[in-house]
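**Student:** Sharing a structure, written as structure tokens. Questions coming.
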């Protein structure tokens with residue numbers, strides 16, 4: 089379960105490659121919300137580019153993710 093410490097800033101943010109569905113899924117399950125997209129911002133190993141998603145979580149957005157399974 090995600091627990092929000094009482095002494096953290098009002099905002100937490102995260103960035104993930106748009107093609108990394110697993111990481112984006114985990115961020116969303118824990119309450120993060122997509123707030124932006126940087127187009128072709130992430131250089132991949134094969135020389136292509138992927139968009140970079142920006143997600144954030146405000147202290148008022150506290151949620152408990154559904155159990156896996």
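Residue numbers (my numbering): 89 to 157.
All C-beta atoms, glycine included, are put in the ideal place defined by N, C-alpha and C.
1. Once the 5 residues before and after residue 115 are set aside, which same chain residues still bring their CB inside 7 Å of it?
2. Would you please state the rounded distance, in angstroms, between the beta carbons of residue 121 and residue 149? I believe it to be under 8 Å.
3. Considering only residues of the same chain and omitting the five flanking positions on each side of residue 140, which have a CB-CB separation below 8 Å?
4. Cα separation between residue 145 and residue 132?
5. Alpha carbon to alpha carbon, how far is residue 100 from residue 118?
**Tutor:** From the atom records:
1. 102, 104, 143
2. 7 Å
3. Here the set comprises 103, 104, 105, 106, 125, 126, 129, 130.
4. 26 Å
5. C-alpha separation (whole angstroms): 12 Å.
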